[in-house]
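Chain order of the listed sequences is A and B.
Quick note: the first sequence uses this note's numbering, first residue 13, plus one each step.
Quick note: the second sequence uses this note's numbering, first residue 673, plus one each step.
All C-beta atoms, glycine included, are put in the ideal place defined by N, C-alpha and C.
A quick note: this is a predicted structure, and the numbers were derived from the prediction, not measured.
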Amino acid sequence: MTQLRVLLRYAVVVALLSACADTNAPAPEPTEALLAVNSTANTLSIVPVDNPSAAVEVQLGGTTPTPVGVSAFGRTAIVPLGLDNAVAVVDLVDRTLARTIPLPANSGATGSAMLDDSIAYVANPNLNTVSRVNYLTGETTETPAGVYPQGIVYARGRIFVLDGNLVNFAPAGPSWLTVIDPTTNQAIDSIALTGPGNAGFGTLGPDGLLYVMNTGSFFEGEGRLSIVDPVQFTELASFAGFGRGPGGLAADADSRVYVSSFAEGLMVFDTDANQVVRGAGNGVAIASNSAVAVDSKGTIYAIESGACQGGQPGVAHVLDSAFVEKAAIPLGECPSGALTVQIPAE
Amino acid sequence: MSPRVALLALLVWLPAPLRAQAPSRILGRVVDATTGAPLATAEVRLSDRLATTSSDGAFVLGSVPPGRATLSVRRLGYAPWSDVLDVVPGLDRTVTVELAPLPLQLDSLTVVATPGAVSMTREELEARGGDLGHALDGWEGVAVRRTGSGGPASPQLRGGGPDEVLVLVDGFAVNDPFTGRADLGRISSREVDRVTLLPGAQTVRAGARAVAGVIVVDTRRPIRPDGAAWVANHGARGFRVGASMGPIGVTASTERYADRFPYSVPEVRGGGEGSRLNAGGDLYALTARLDGPVELSLRASQSDRGLPGTTTNPTLAARAHDRSVLLGARGTAGLRWSGSLQWIETRAEDTSPPTGLPYDSYTHGLGGTADVGRRTAVGVGAWTGDGGIALEGRADRFAGDGVREGASFSHAALRLDASLHRGSTTVWTLSPAVRLDVWTGQTTPLASARLDAGWQRGRTAVTAAVGSAVTPPVLADLLFREGVGVRLNPDLRPERVRWEAEAGLRQEFDKATVSARLFYGRVGDMVVWAPDFRFIWSPRNFDVLRRGGEISLGYRPGRTIRADGSATYSAVTYDIDAGSQVQYRPRVTYAIAVLWSPEPWAVDLRWHRIGERFPNGAGTNPRAAFSLLDIGVERRLGDALSARVQLTDVTDARAEFIAGYPTPGRTLTATLNFRLP
C-alpha cells in the first residue's frame, strides 16, 4: 500500500511537471522575411531569408495602382496603392491579400508606417494629409500634414511625416517633417530640413536618430541626408555627396545607414563617424538600385529593379557586410520598396 | 419512224416548260478595263453560284437556271461590276467583263490583291449595324479597344497595339498622324461598301503603321440618298445623311455620345453603382468625294467630349476638343499618283484635375503625303500578272503645347512589287514585294520584304506568306513634350518585324466556309509605354514573340439565315525567359454572329468575348474576360424606310477593355433608316 502511495505521488509529480512543461514550451520561432513591393507588377514578394526558394508573390489587385512602398508589423504588411487611393493589407502568414482599405479620393497614397497590431499611418501626398488607418476594421481618420507628404517613420512614440514639398511633382523648396502624436492624432511640431526638398525616405538609425533622404530633383546631384533628433525635434546635421537620385534607406544594428540610388548604386553612411563612407562615384555597383533592406543578422539586400517591363524579374542582391554578393534572389517586376520583418509562426 | 427520228421529233416538239429545264452555262472572261490584261482570282457570282477566274481571266458558271439573273464580279483593286443577264434555256452565254481599276492606296502606295485577304460586304456590315467600331469588333480577330463612350474605337490585330493597324478609307490613311491610331467609331457601317482585312506584317506593301495588319474600307459609290436617325438611352443620339449628285458624293453626320451612364464603382471607392459623369460629347463629321479621272476625297470632323478620367480618379472638368481635315487626291494618268494633306488640332484642358495643376494644352499639326508609281503587265514563263514600282514621301510638322520644339518628321520609301498567277483549274499565285525606308533620324535605309503565295483549286485555297516589316515610332512617341510623369526616350528605335511566317487554309462547302490561319514571328523593338520604378512613363523598345492563329466558320443553311463564328489566339510575349503577355493584348477572342432575315424582318444576334488582359507587362493582376451580347431587330417599312431596335450589351457587362475606363452597359438604340430608290 505504501508503495502504491509512493507510485501515485510520483505519478502526480510527473503529471504536474509535464503540464508545466507544456505550459512553458518556447514559442515557435518567427520567420524573418524580406518584403519587396514590385511596383509595375503590383505584387508583394515575401521571401523567407533562410529559404528564398519558398518565396511567393501576392497580387495586390486594384484598378490603376502605383505601389512603391511597404511597411510591416507582425503578420501584417500594408502597401499604399498610389493612384488607386487605397491601401492593400497583406496577411504575411497566409500570404494573401487580406483586404483593401479605401482612402480619401485623390489621396495618391505612398508612404506608410505601422504602429502596432491594428494601427498604421499612410501619407496622402495629393491631399497634404495623413490617414490613421485601423487595418483590422478599415476605419480611417485624416490629419493635416505638410506639403506633399510621401513618407512616414515611426520613432520614439511619434509619427514623423516626410513632407516632400513637391508642387506639380517638382521640388518647390526644402522639405520638413510634421510630427504627430498618435495618441491624439494631432500634429505637435514640425522640423525644418536642409537641402533640396523631395524628402521621401527615412529610417531609424542604430543610434536612435532619424535619417531622412532629401532626394531633390532626380536629375540633379543634389540629394542630402538629414539627421534628426526624434526627441528634441531638431535637425542635427545634413550631408551631401549622394549624387543623382538617392532613395530608399535602411540601417543595420551597428553603425551603418545604407542609401540606394538608381544612378550611383548602394552607398553607405557611417553613423558613428558621421560621414559618407561610400558616396557618389564609389557606390557598390548595383544596377538600378531602387531599394535596400537589412536583416537581423546584418545581411544586406540591395534591390535591383530591372527593366520594369516584360515580366523581367527584379533581383535582391544578398551582400555581406563587406559587400560581397552571396546570392541573388529573383523578385517580381520592378521592386522599388523593401524591408525585412519577423513574421510570427501561425 | 426509227427510234432515233422519233426521239428527235420528241425533243423538237417538247412543250416549252419542259425544254426550259435544260441547263445553261455562262462562260466569260474578266479583263482590266484600261490595259485589257486578263484578271485572275476575280470572284464571279450569279445567285448562289460562285466561280473564280483562272490566270487567263476565264470563268465558267454551269447549271444556270434560265431567266434573268444578276451577274456580279469583284476583285481587290477594281471597282465591283454587275449586270443583269437573260439566261436562255439550254444555251451558253458568253460575256466579257471589263473591271475598272480602283487602286487601293495603302498609305501612299498601291496594293495588289494578296492571297490572305478576307472581306466583308455591305450586306453583312449593315446587318451588324452601327459604326465600324461595332461592326468589325470580333471579326477575323479584330479586337476594338474602347475607352468609354466617346473615346476612339481603335482596332487591334494579332496582339498588336492600336497604332499598329493601318486603316484606309477610299485609299487614304485615316490613322491620326500624331497618335497613329484610327477611330473606327467615326465611320458608319451604312456608308461602307466593303471592308477588306489583310492581317499580319504588311508594311512592305502598305507602309508605316501596318505592323499587325491593314483594314481597307471602300465606301459606297454612288450613294443613293440615304440616312439614319437614332436615339439611345444614356443620352446618345445621332443623325446621318448622304447622297450623290453625279460624280459628287457627300455624307454628313452628327452624334452625341452617351453621358451619365451607370457604372460599377470600384470597391476602393466604395463599391456599388454610380453614374459616370463628364463622359459625353458631340461629334460632327463631313465626307465628300468627287469621282473622275482625278478622284478627290475630303474627310473632316470636329468633336468636343469629356475626359472623365479613371474610375478611381474621376474628373468633372477635363475636356478634349479635336478637329481634323483630310484632303486627298489620286489619279491614274499614265502614272498612278496620289497625295493628301491632313490637318489636326487638339485642345485638352482641365481646370481642376485630380492631381497636379490645371492645364490647357493646344497642339496642331499639318501632314502631307505624296506618291507616284507605275504598274505594268509582266510575265515569267507561264506566270502572268503585273508589277509595280512606287516612290512615296511623307512630311509632318506639329506645334503647340503638347510637342517639343521643332517637332517635324519626314519619311520616304521605295517599293517594288509584283502579282503573278498561273494555271486555270488550279491557280497559283505569287506576290513578292520589297521596300526601302528612310526617315528623320534614320538615314540608313531599312529594307523589308514579303512574299505571299497562294494555291486555289475549286473551292479550296491555301495561302502562305513570309516577310518582315518596319515602321517608325508614332510621332506621339517621338515628339511629345516632356512633363509630369512622362519623359522622352532619345534612344527610341523603329519597330521591326524581323520575320513572320503564316499559313492559311480556306475551304468552301455548299453551305459553309471554313478558314484557318496560323502565324509565328519575332517583333524587334516593339514600342510600348512603360513606367520606371518611380512611375515615370516613357516609350520603350521591347523584343516580342508573337504567334497564334485564327479560325472562322461561316454557315449558310438557307437564303434567310446565316451564322458566322471565329476564334483567335494571339500570344504576344516579351522575348525573355518566361516572358509575359504584352499589356492589354487579349490572348483569346471569340465571336458568333447570327443573322435571320425573313422579309420584311431581320434579326441579328452577336456574341463577342474578349479574353483576360493584363494591365502591366508582368502578367499579374489580370483584368477579367468579358462577353458582350447584342441583339437587333429590323423591319422594312416599304421600299425606302426601315426601323431598327438594338439592345447592346444585353447582360450589362459594362466592359472595361482598359482598367478604369468602363463603356456604357446595356443600351437600347432605336434607329430609323431611309434609302431612296
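Asked                                                                                                                                                                                            : Found
Suppose the cutoff is 6 Å on Cβ atoms and the five residues either side in sequence are ignored; what does the same chain contact list for I1208 (chain B) look like?                            : G1157 and R1159
Would a C-beta distance cut-off of 7 Å place L57 (chain A) and L351 (chain A) closer than the cut-off?                                                                                           : Looking at the sequence provided, one finds Ser at residue 57 (chain A) rather than Leu. Result no, Cβ atoms of S57 (chain A) and L351 (chain A) do not sit closer than 7 Å.
Beta carbons nearer than 7 Å to chain A: which residues of the segment 1327-1349 of chain B have them?                                                                                           : A1331 and G1332
So is R1131 (chain B) buried or exposed if we call it buried at 16+ other beta carbons inside 10 Å?                                                                                              : exposed
How long is the line joining the alpha carbons of G921 (chain B) and A184 (chain A), rounded to whole angstroms?                                                                                 : 58 Å
Which residues in the same chain as Q777 (chain B) place their Cβ atom closer than 7 Å to its Cβ, once the five residues preceding and following it in sequence are excluded?                    : Residue placement at Q777 (chain B) is flagged as unreliable, the pLDDT there being 37, under the threshold of 50; the coordinate-derived value follows with that caveat. Cβ within range, chain order: L840, G843, F844, R1002 and S1010.
Are the segment 1056-1071 of chain B and the segment 1080-1099 of chain B touching by the rule of at least three beta carbon pairs closer than 8 Å?                                              : yes
Go ahead and pull the three-state DSSP assignment for V876 (chain B).                                                                                                                            : helix
Give every residue of the same chain whose Cβ lies closer than 7 Å to the Cβ of L988 (chain B), excluding the five residues on either side of it in the sequence, and list them in chain order.  : L949 and N950
Which residues of chain A have a Cβ atom closer than 7 Å to the Cβ of L1029 (chain B), listed in chain order?                                                                                    : N180
Spell out whether any CB of chain B is found under 7 Å from the CB atom of G349 (chain A).                                                                                                       : no
Give me the Cβ distance between V370 (chain A) and D175 (chain A), rounded to the nearest whole Å; I'm assuming they're in contact under 8 Å.                                                    : Residue numbering for chain A in the displayed model covers 13 to 358; residue 370 (chain A) lies beyond these limits and cannot be assessed.
Can you check the segment 851-909 of chain B for any alpha helix (DSSP H) of at least 4 residues that lies completely inside it and give the ranges in chain order?                              : 875-878
What would DSSP say about R941 (chain B), mapped onto helix, strand or coil?                                                                                                                     : helix
Using the beta-carbon count (16 or more within 10 Å), is A1085 (chain B) buried or exposed?                                                                                                      : buried
Can you find the residues in the same chain that come closer than 8 Å, C-beta to C-beta, to T246 (chain A), ignoring five residues on each side of it along the sequence?                        : I203 and V240
Is the beta carbon of A1235 (chain B) sitting closer than 7 Å to the one on V1275 (chain B)?                                                                                                     : no
Given R817 (chain B), which residues of its chain have a CB within under 6 Å of its CB, disregarding the five upstream and five downstream residues?                                             : S826, Q828, P834 and F1329
Between the segment 1318-1338 of chain B and the segment 975-987 of chain B, do at least 3 Cβ pairs fall closer than 8 Å?                                                                        : yes
Whose CA, out of A:S317, A:A297, A:N301 and A:F254, lies closest to the CA of F274 (chain A)?                                                                                                    : A:N301
Which residues share a DSSP beta bridge with T55 (chain A)?                                                                                                                                      : A:N50 and A:Q71
Report back the beta-carbon spacing between G1221 (chain B) and L1190 (chain B) to the nearest angstrom; my notes put them in contact at under 8 Å.                                              : 4 Å
Please list the segments of the alpha helix (DSSP H) lying wholly inside the segment 1140-1197 of chain B, counting only runs of 4 or more residues, in order along the chain.                   : 1147-1151
Any idea what DSSP makes of R1076 (chain B), helix, strand or coil?                                                                                                                              : coil
For the candidate residues B:A873, B:P849, B:D890 and B:G885, whose alpha-carbon lies nearest to that of S861 (chain B)?                                                                         : B:D890
Can you tell me which of the three DSSP states L686 (chain B) falls into?                                                                                                                        : With a pLDDT of 39 at L686 (chain B), under the threshold of 50, the modelled position of this residue cannot be trusted; read the value that follows with caution. Here L686 (chain B) sits in coil by DSSP.
Do the CB positions of G253 (chain A) and G291 (chain A) come within less than 7 Å of each other?                                                                                                : yes
Between L1301 (chain B) and the rest of its own chain, which residues show a CB-CB distance below 6 Å, the 5 nearest in sequence each way excluded?                                              : W1279, V1322 and T1323
Please decide whether N1288 (chain B) counts as near chain A, where near means a Cβ-Cβ distance under 7 Å.                                                                                       : yes
With DSSP run on the structure shown, which of helix, strand or coil describes R794 (chain B)?                                                                                                   : helix
Rank A:T55, A:V224, A:E232 and A:R256 by C-alpha distance to the C-alpha of P242 (chain A) and give the top, closest one.                                                                        : A:V224
So G805 (chain B) is in the alpha helix (DSSP H); what residue range does that whole segment cover?                                                                                              : L804 to A807
What residue range does the beta strand (DSSP E) around T149 (chain A) cover?                                                                                                                    : Premise fails: T149 (chain A) is in no beta strand (DSSP E) and is neither H nor E.
Is it the case that the segment 1248-1259 of chain B contacts the segment 1282-1299 of chain B, given that we only count it when at least three CB pairs across the two stretches are under 8 Å? : yes
Return no unless some Cβ of chain B is closer than 7 Å to the Cβ of E345 (chain A).                                                                                                              : yes
Taking just the CA atoms, how far does G169 (chain A) sit from A199 (chain A)?                                                                                                                   : 13 Å
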